[in-house]
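Asks:
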Amino acid sequence: MTNSTRPIALVTGGSRGLGRNTAFNLARKGIDVVITYRSRADEAKAAVAEIEAAGGRAAALELDAGAVPTFPAFVAALKQTLQSTWQRNRFDFLVNNAGTGLRKTVAETTEEEFDALMNIHLKGVFFLTQALLPLINDGGRIINISSGLARFAVPGSSAYAMMKGGIEVFTRYLAKELGPRGITANTVAPGAIATDFNGGHVRDDADINRMVASVTALGRAGVPDDIGPMIASLLSDDNRWVNAQRIEVSGGMNI
Ligand code: NDP
Numbered sequence: 001m002t003n004s005t006r007p008i009a010l011v012t013g014g015s016r017g018l019g020r021n022t023a024f025n026l027a028r029k030g031i032d033v034v035i036t037y038r039s040r041a042d043e044a045k046a047a048v049a050e051i052e053a054a055g056g057r058a059a060a061l062e063l064d065a066g067a068v069p070t071f072p073a074f075v076a077a078l079k080q081t082l083q084s085t086w087q088r089n090r091f092d093f094l095v096n097n098a099g100t101g102l103r104k105t106v107a108e109t110t111e112e113e114f115d116a117l118m119n120i121h122l123k124g125v126f127f128l129t130q131a132l133l134p135l136i137n138d139g140g141r142i143i144n145i146s147s148g149l150a151r152f153a154v155p156g157s158s159a160y161a162m163m164k165g166g167i168e169v170f171t172r173y174l175a176k177e178l179g180p181r182g183i184t185a186n187t188v189a190p191g192a193i194a195t196d197f198n199g200g201h202v203r204d205d206a207d208i209n210r211m212v213a214s215v216t217a218l219g220r221a222g223v224p225d226d227i228g229p230m231i232a233s234l235l236s237d238d239n240r241w242v243n244a245q246r247i248e249v250s251g252g253m254n255i
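The numbering used here numbers the first residue of the sequence shown as 1 and each following residue consecutively.
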């Protein structure tokens with residue numbers, strides 16, 4: 001594949017965790033990436049440098065995934081980057097991954113916390129995808145990141161999990177409406193993965209890590225390398241007929 005024919009993916013929240021791992025694995029498969037960051041420009045820059053050192057091509061842009069009014073400026077910056085880095089006007093794969101968590105029960109969750117989650121995980125995903133539709137090539141792919149928590153209930157996850165549930169419905173509608181353009185849409189729902197997410201609790205809290213392992217068929221918590229390669233393979237041509245699906249990637253959590 002020459003550089004001019006390599007597909008381009010946009011991975012939101014590619015500076016750390018699952019998005020960063022996904023970006024590396026896409027690059028390994030010959031897919032160029034634009035990653036976004038919110039607070040960690042340094043990490044995003046390091047990820048771009050690492051991908052480029054390995055022979056890939058990448059760029060990083062700032063995005064607040066929960067701030068819909070900023071999306072026109074983001075789209076303009078993306079267009080400029082596609083043009084200056086790739087001499088293209090469009091990209092191929094959108095991975096809506098960026099996000100934060102909240103560990104509060106129904107009784108504890110404030111309206112502000114609820115709205116923040118809704119803006120990032122639900123409204124932001126809807127309107128960012130809407131804004132990007134004209135830039136995605138026909139035949140492209142969309143992957144929305146949900147969570148195992150949309151299938152099983154863990155106390156303290158209600159507001160977060162209901163947004164993820166909404167994304168799963170959104171994904172099916174995207175698949176239906178974008179089918180005529182040959183664009184597929186699928187949900188990837190990771191189980192509990194050891195990243196910075198939620199203060200790094202799955203990775204750093206030994207009790208939580210043990211609890212996750214005890215309810216997982218494969219007997220451990222997930223790591224980013226359990227997810228990024230799966231997303232990269234879902235975006236390969238081998239999986240072109242997979243559409244409108246929710247695929248849980250959890251090692252068999254709470255089955
Ligand atoms: P991390 O905390 O490791 O990384 C979060 C990423 O999202 C970072 O790149 C961060 O950018 C970016 N981000 C956070 N808030 C915003 C925002 N408001 N606007 C734009 N970007 C933002 O989390 P994970 O990698 O673990 O999580 C990635 C996705 O996977 C999330 O959607 C999460 O809900 C989901 N998920 C995670 C699970 C887990 O156990 N880890 C399980 C199931 C689903 P920056 O670095 O600049 O701050």
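In this text, a Cβ means the ideal position worked out from N, Cα and C, and glycines have one as well.
#1: Can you tell me the Cα-Cα spacing of residue 250 and residue 228, whole angstroms?
#2: What is the rounded straight-line gap between the Cα of residue 279 and the Cα of residue 15?
#3: Thinking residue 235 and residue 141 are a contact (beta carbons under 8 Å), I'd like their distance in whole angstroms, please.
#4: Say the cut is 7 Å; is the CB of residue 74 nearer than that to a heavy atom of ligand 1?
#5: Identify whether residue 93 lies in helix, strand or coil by the three-state DSSP scheme.
#6: Thinking just about the alpha-carbon of each residue, which of 144, 5 and 201 is nearest to the one in residue 173?
#7: Could you have a look at residue 33 and say whether DSSP puts it in helix, strand or coil?
#8: From the DSSP output, read off the bridge partner residues of residue 247.
#9: What is the rounded straight-line gap between the Cα of residue 128 and the Cα of residue 116?
#10: Under a Cβ-count criterion, where at least 16 other Cβ atoms within 10 Å of its own Cβ denotes burial, should residue 25 be classed as buried or exposed?
#11: Which term fits residue 164, buried or exposed, when burial requires 16 or more other beta carbons within 10 angstroms of its beta carbon?
#12: Tell me whether the stretch 46-56 and the stretch 67-77 touch, counting them as touching only if at least three CB pairs, one residue from each stretch, are closer than 8 Å.
#13: Buried or exposed: residue 151, going by 16 or more other Cβ atoms within 10 Å of its Cβ?
#14: DSSP has residue 142 in a bridge; who is on the other side?
#15: Going by alpha carbons, who is nearest to residue 32 out of 88, 159, 214 and 203?
Replies: Quick answer:
#1: 13 Å
#2: The question about residue 279 has no answer here: the residues shown for the chain are numbered 1 through 255.
#3: 6 Å
#4: no
#5: strand
#6: 144
#7: strand
#8: 188
#9: 16 Å
#10: buried
#11: buried
#12: no
#13: buried
#14: 94 and 185
#15: 88
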